[in-house]
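Remarks on the structure that follows.
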Amino acid sequence: MRANDAVSGLVLILLAAAMIAFTSTFPDFPGQHYGPALFPRILGGVVIACGGLLLWRGVAARRAGAALVEMAPWTREPWRVGSFVLMLGLLVVYILFAETVGFIPMAFVTALALFMWFGVRPLTAVGTSVVATLVIYWFFATLLRVPLPRGWLDPIL
Amino acid sequence: MDAFVTAFGLVFTPQVLWVISASAAFGMFVGAMPGLTATMATALIVPVTFFMDPVPALGAIVTATAMAIFAGDIPAALLRIPGTPASAAYTDESYAMSKKGLLDLNLGVNLVFSVIGGMVGVAILILCAPILAEAAINFSSFEYFWLALLGLTCAVFMATDDPLKGITSLMFGLLINCIGIDPTAGYPRFTFGSVELLQGVSFIPAMIGMFALSELLRGAVSIDQQGAVLAQKIGNIFSGVWGVFKQYWFNFLRGSTLGVAIGALPGAGADIAAWISFAVSKRFSKTPEKFGTGHIEGIVDATSANNAALGGAWIPALVFGIPGDSITAIVIGVLYMKGMNPGPTVFLQNPQFIYAVFIIFVLANILMLPLGWTAIKSAKQILRVPRKILLPIILLFCMVGAYAMTNSPYGIIVMLTLGVIGWLMEENGFPIAPAILGLVLGEMLEQSFMTSMIKAEGHALPFFERPIAGVLGVLTLLIWATMIWRGIKGRGGLQEADITGA
Chain E
8 MRANDAVSGL VLILLAAAMI AFTSTFPDFP GQHYGPALFP RILGGVVIAC GGLLLWRGVA
68 ARRAGAALVE MAPWTREPWR VGSFVLMLGL LVVYILFAET VGFIPMAFVT ALALFMWFGV
128 RPLTAVGTSV VATLVIYWFF ATLLRVPLPR GWLDPIL
Chain C
101 MDAFVTAFGL VFTPQVLWVI SASAAFGMFV GAMPGLTATM ATALIVPVTF FMDPVPALGA
161 IVTATAMAIF AGDIPAALLR IPGTPASAAY TDESYAMSKK GLLDLNLGVN LVFSVIGGMV
221 GVAILILCAP ILAEAAINFS SFEYFWLALL GLTCAVFMAT DDPLKGITSL MFGLLINCIG
281 IDPTAGYPRF TFGSVELLQG VSFIPAMIGM FALSELLRGA VSIDQQGAVL AQKIGNIFSG
341 VWGVFKQYWF NFLRGSTLGV AIGALPGAGA DIAAWISFAV SKRFSKTPEK FGTGHIEGIV
401 DATSANNAAL GGAWIPALVF GIPGDSITAI VIGVLYMKGM NPGPTVFLQN PQFIYAVFII
461 FVLANILMLP LGWTAIKSAK QILRVPRKIL LPIILLFCMV GAYAMTNSPY GIIVMLTLGV
521 IGWLMEENGF PIAPAILGLV LGEMLEQSFM TSMIKAEGHA LPFFERPIAG VLGVLTLLIW
581 ATMIWRGIKG RGGLQEADIT GA
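Chains as they are written, first to last, in the working numbering: chain E, 8 to 164; chain C, 101 to 602.
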């Protein structure tokens with residue numbers, strides 16, 4: 008997704024303005040001229056300046072005939088869009104459920120779903136998912152002692 | 101001298117040597133796989149090194165990146181796809197050589213000159229770093245403020261084709277860094293009541309997101325596009341390399357010194373070193389017309405330069421705590437996590453640790469010769485690993501790696517958020533490296549700025565009163581003035597960047 012610079016510029020200006028407004032809630036310390044709000048405000052000022060220049064540049068490009076938002080060619084192929092959405096979606100699902108369900112089932116499902124979607128043969132997909140999940144679990148949880156969530160498998164691990 | 105002996109003792113233990121060998125193999129693989137970069141190798145290896153002592157941790161990063169930068173040359177020659185961006189400058193040239201039947205010579209030259217280029221990088225690092233550290237010991241907040249600002253300035257103006265987007269990206273990194281407890285007053289900024297945001301946005305999950313997840317997202321939509329390996333047999337790669345060295349020894353020296361210098365510039369790393377030295381090689385070549393037809397000359401320059409740049413990038417990283425490229429940006433993050441704040445004091449307090457880094461660098465370059473040979477010999481098998489198998493596994497690694505940094509899903513949330521932002525930024529022509537530098541240098545910049553402001557009571561003059569601070573300050577302002585002036589001057593009509601950047 009390629010947005011016109013004017014769009015990026017506008018978004019940046021709005022975000023920076025909101026942020027600067029928010030810094031007014033930061034406290035001042037008596038006898039201290041330079042508080043926690045100073046640095047973010049300077050940065051916000053620079054972002055607004057950059058956003059303004061981008062806006063100006065984008066408007067010029069728009070006059071020259073550039074589109075407001077241009078989608079990459081792959082977005083017209085549903086399968087590719089699916090790959091993109093699936094990858095992000097699986098991450099969200101993992102974040103939501105890993106703590107209760109546990110790493111092993113969730114990682115297995117994540118890998119398997121992607122393998123199947125990408126067109127790996129089912130047997131290879133299942134086998135690789137099992138091996139990858141267990142090896143990663145062994146490496147991080149057993150060897151490096153990362154407390155990966157055990158979830159449903161807690162009684163047997 | 102004692103420190104040097106201690107350093108030897110630290111490096112030559114079975115554990116460290118084992119870690120180095122394993123990360124060497126890992127680096128070779130990641131570098132040789134198109135779409136997986138040296139920075140990504142670092143981002144993926146850091147969660148593992150988190151659980152190690154400083155010496156093996158740094159050893160793993162040094163070795164993996166050195167191998168990855170070389171290994172990127174292999175698919176360039178075989179597939180016409182650079183394995184890492186650092187090989188992109190001479191991919192076409194390499195492939196043209198392979199098609200002319202010079203595949204063996206090409207791979208041999210790439211390997212040998214990567215090794216000796218890397219050695220030049222280490223040598224200059226060993227010579228310069230302690231001297232600079234001695235000078236840096238007297239630096240006050242003014243010097244550090246200008247140094248950080250100069251570093252960020254270089255990163256924006258020299259390392260990106262679109263300075264405006266570079267600055268924006270840098271500001272984004274600096275602003276992310278503002279989240280959490282502020283360094284001077286201790287007030288929690290932009291945390292919105294979240295306990296996890298109090299300590300700021302976790303750096304390593306952010307890196308994994310911006311460098312690995314965004315790459316996976318790009319890979320996922322082109323998963324079926326795997327290059328076809330050239331059906332040439334790989335023979336004796338070392339025959340003829342000595343002849344090339346005798347003919348082009350000057351190119352090698354020029355390429356590697358240029359590489360170190362560019363590597364040492366903050367923000368510019370191995371990839372830019374390769375591009376510039378390749379261009380320099382062509383510009384000063386006696387036979388520029390041969391470039392593009394499978395000519396070895398430019399490759400000698402560029403392949404030496406990108407490996408030399410790795411060592412160069414460590415100079416400002418170790419001496420000032422200012423990263424020379426995105427890899428050392430991660431390293432600095434790791435050093436802070438290990439409680440070893442990079443800067444001149446490390447040279448005084450922990451010299452054995454600095455020497456250990458030097459020794460590992462030398463070791464990694466020596467190791468590159470046999471391992472590189474093995475990688476070249478097994479290149480066809482490596483390149484046959486399907487991406488549709490690899491990508492989901494890397495995604496699991498990213499998830500676990502990000503989780504391991506915070507021991508909570510918070511790490512994965514940071515990774516996901518910044519991964520999507522990083523992907524959007526790249527799509528829209530905003531370079532990622534300045535954002536990462538901003539994220540790493542933000543605290544130093546803010547702290548030195550605030551301390552200096554308080555010391556100077558808001559006046560500008562004290563920022564320039566100390567000699568070194570004055571020089572650095574004037575230099576920084578000059579670069580800004582030149583760039584702004586150039587920007588105004590070039591604004592006559594609609595520029596190329598305007599159309600492509602739209």
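Beta carbons are placed, not taken as given, at the ideal position from N, Cα and C, and that holds for glycine.
Counting every other CB atom within 10 Å of its CB across the protein chains shown gives G52 (chain E) a total below 16, marking it as exposed. Within the same chain, Cβ atoms closer than 7 Å to the Cβ of T393 (chain C) are found at A196, the five residues on either side in sequence being excluded. In the DSSP assignment, no residue is bridged to A13 (chain E).
Here R70 (chain E) is exposed, its C-beta having fewer than 16 other C-beta atoms within 10 Å. According to the DSSP assignment, R70 (chain E) belongs to the alpha helix (DSSP H) that extends over 45–70. M505 (chain C) is a Cβ neighbour of S302 (chain C), given a cutoff of 8 Å. Counting along the chain, the unbroken alpha helix (DSSP H) around T357 (chain C) starts and ends at 341–364. Look at the beta carbons and you see the stretch 414–428 of chain C touching the stretch 536–552 of chain C: at least three pairs across the two are nearer than 8 Å.
Spanning the alpha carbons of A28 (chain E) and L50 (chain E) requires a straight line of approximately 13 Å. For V108 (chain E), the uninterrupted alpha helix (DSSP H) run begins and ends at 85–108, by DSSP. Between G218 (chain C) and N465 (chain C), the C-beta spacing is below 8 Å. In the displayed model, G127 (chain C) falls within a helix according to three-state DSSP. Contact note: V116 (chain E) does not reach chain C at a C-beta cutoff of 8 Å; the least C-beta distance is about 11 Å.
Under the Cβ distance rule, R484 (chain C) does not count among the residues neighbouring chain E, no pair being separated by less than 8 Å. Residue contact check for G126 (chain E) against chain C: a CB pair falls below 8 Å. Secondary structure of P288 (chain C) (DSSP, three-state): strand. Judged by beta-carbon spacing, F461 (chain C) lies beyond the 8 Å limit of G412 (chain C), meaning their Cβ atoms are not closer than that value. For R289 (chain C), the closest Cβ of chain E is nearer than 8 Å.
Residue pairing for I281 (chain C): DSSP places it in a beta bridge opposite C:P288. The closest CA to that of G511 (chain C), considering only C:V212, C:V220, C:M499, is found on C:M499. Sequence-ordered contacts of the stretch 94–107 of chain E with chain C read M94, L95, L97, L98, V99, Y101, I102, L103, A105, E106 [C-beta pairs closer than 9 Å].
In this structure, L75 (chain E) places its C-beta atom within 8 Å of the C-beta atom of V14 (chain E).
In the assembly as shown, N336 (chain C) is an exposed residue. Its beta-carbon has fewer than 16 other beta-carbons within 10 Å. At a Cβ-Cβ threshold of 8 Å, I536 (chain C) and T253 (chain C) do not count as neighbours.
Non-local beta-carbon contacts of A502 (chain C) in its own chain, meaning distances under 6 Å to residues more than five positions away in sequence, involve P305, I308, G511, I512, M515 in chain order. For N406 (chain C), the enclosing alpha helix (DSSP H) has its first and last residue at 396–420. The stretch 484–492 of chain C and the stretch 274–294 of chain C do not touch, with fewer than 3 CB-CB distances between them shorter than 8 Å. Contact annotation: N507 (chain C) and P112 (chain E) have beta-carbon atoms that are not nearer than 8 Å. Closer than 8 Å to the CB of T149 (chain E) there is not a single CB belonging to chain C. Shown here, V76 (chain E) sits in a strand according to DSSP, grouped into three states. With respect to the 8 Å criterion, I102 (chain E) and F497 (chain C) are not classified as neighbours on the basis of their beta carbons. Here D401 (chain C) is not near P43 (chain E), since their CB atoms are 8 Å or more apart. Among the CB atoms of chain E, one or more fall inside 8 Å of the CB of L316 (chain C).
For the pair V321 (chain C) and W124 (chain E), the CB atoms are not nearer than the 8 Å cut-off. The residue from C:L264, C:F530, C:L232 with its alpha-carbon nearest to that of I55 (chain E) is C:L264. Using beta-carbon distances, K589 (chain C) does not count as an interface residue toward chain E, since no partner is under 8 Å.
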